[in-house]
Amino acid sequence: MADKGDIGWRVVAGGAALASGFVARRAITYAWKKTTGKEPPTNPESPDVALAEALGWAIVTGVGMEVARLLATRAAARQYARSSGRLPGVEG
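Position 73 of the sequence shown, counting from 1, maps to 73 under the UniProt record's numbering, and the rest follow consecutively.
Right, dumping it as structure tokens:
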């Protein structure tokens, strides 16, 4: 059975990841519009979308979302360690 700290960490980490994903998606979409002058592809799998554009969107969103999730989770872990005196997932 997970202890309260473990459950608390999972809630905090999940919330941080969710919020960062929302913010990252908006930032990536904004940057895409500014860079390309076009809306991002709504369906990159469609044959109507150029392969280069579909690949570019997939790479940018994949990397951008993962970097945002990583940074948010690390920041949440730092805050959790400050408040609990230990890193998440470390027994003690």
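Positions of the beta carbon are idealized from the N, C-alpha and C atoms, including for glycine.
Can you tell me where the alpha helix (DSSP H) with residue 84 in it begins and where it stops?
As a working mapping, residue 84 is identified with position 84 in the sequence shown. It spans 51-84 - the alpha helix (DSSP H) in which residue 84 sits, taken as one unbroken run.
With 16 other CB atoms within 10 Å as the buried threshold, where does residue 40 fall?
Position 40 of the sequence shown, counted from the first residue, corresponds to residue 40. Counting Cβ neighbours within 10 Å, residue 40 comes out buried, since at least 16 surround it.
Contact between the segment 46-59 and the segment 16-27 (3+ Cβ pairs under 8 Å)
no
Which of helix, strand or coil DSSP assigns to residue 48
Translated into the one-based positions of the sequence shown, residue 48 becomes position 48. Correct three-state label for residue 48: coil.
Taking the alpha carbon of residue 57 as the reference point, which residue from 11, 74, 25 and 9 has its own alpha carbon closest?
Here the question's residue 57 lines up with position 57 in the sequence shown. Nearest of 11, 74, 25 and 9 to residue 57, Cα basis: 25.
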